[in-house]
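J.: One structure follows; several queries about it will come next.
Shown next, in the form of structure tokens:
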């Protein structure tokens, strides 16, 4: 990470910590008031995480900051985002941006649609490694950091009071990196995650027409933000009209998907095909 960016992150964190102390709040109390995770407050204050503008707004409101002080924090954040990060690579920006992470972490309801690659929160570490290694100019160090960040993001799946809904096309199950063995391990993870009370996983089977021709993946964070994916990046939109349009699209995909026993039956069928494929590829 570039030294300028690191110093600006520390300055933002230190200022937030001072304001929290002046308000007489602990980190845990501030996190509860702002409806964000306590680790988020800790990481921001110690300069280890860049908050999204939405999270910074939540913290500012929870602290009761006036307009001038809130603007000061946002100016510091703008400086962080504008600072050159000489250590960044394409692998760092493929789904691991801190703004994207925070949009997901701070949401109580996450709804994600994917048509080619598995949703980030469902990827095994090895699957994610192949995703990041395919990025241009990826380095082993950057890939390792990206995989660790992706796995860390997945902890929200297990938190009570949250709900995660994933809808994917059958093409996602059949577009695979690595080896059949990697995919069999990935399917085991899907079956385990699907059994969680906090998660709903659905697949639109190939024999069922899609209600909308999918152009890209996206993730809705509550009803306030959508993470929109392109070929080489992600952006977070809080535009109300855009969020509403993606909510309507997700609902159409969700109605077309298999859930529950039908989903598990499909996963087991595709797993058998990968086992058979593995036998044919083994020397």
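Residue numbers (this note's numbering): 784 to 1066.
C-beta: ideal position from N, C-alpha, C; glycine also.
Just so it is clear, the structure is predicted and the values come from calculations on it, not from any experiment.
Would residue 981 and residue 895 be called neighbours here (beta carbons separated by less than 7 Å)?
T.: no
J.: Expressed to the nearest angstrom, what Euclidean distance is found between the alpha-carbon atoms of residue 836 and residue 829?
T.: Each residue's Cα considered, the two are about 18 Å apart.
J.: Out of 891, 796 and 819, which one is the CA nearest neighbour of residue 1005?
T.: 891
J.: Do you know how far the Cα of residue 993 is from the Cα of residue 806?
T.: 52 Å
J.: Where do the N-terminal and C-terminal ends of the alpha helix (DSSP H) with residue 1021 fall, by residue?
T.: Unbroken run through residue 1021: none, as it is neither H nor E.
J.: Pull up the DSSP beta-bridge partners for residue 897, would you.
T.: 951
J.: Which same chain residues end up closer than 7 Å to residue 945 when comparing Cβ atoms and leaving out the 5 residues on each side of it in sequence?
T.: 891, 939 and 981
J.: Here's a check: name, in chain order, each residue in its chain whose Cβ is nearer than 7 Å to the Cβ of residue 1046, leaving out the five neighbours to either side.
T.: 977, 984, 985 and 986
J.: Just confirm the distance between the C-beta atoms of residue 819 and residue 833, as a whole number of angstroms; I'd bet it's less than 8 Å.
T.: That belief does not hold up - the Cβ atoms of residue 819 and residue 833 are roughly 14 Å apart, past 8 Å.
J.: Roughly how many whole angstroms lie between the Cα atoms of residue 843 and residue 889?
T.: 15 Å
J.: Select from 845, 840 and 863 the residue whose C-alpha is nearest the C-alpha of residue 815.
T.: 845
J.: Could you say which of 973, 1034, 949 and 903 lies nearest to residue 929 if we only look at CA atoms?
T.: Comparing Cα positions, the closest option is 903.
J.: For the beta strand (DSSP E) that contains residue 1009, what are its first and last residues?
T.: 1008-1012
J.: Where does residue 829 sit, in a helix, a strand or coil, going by DSSP?
T.: coil
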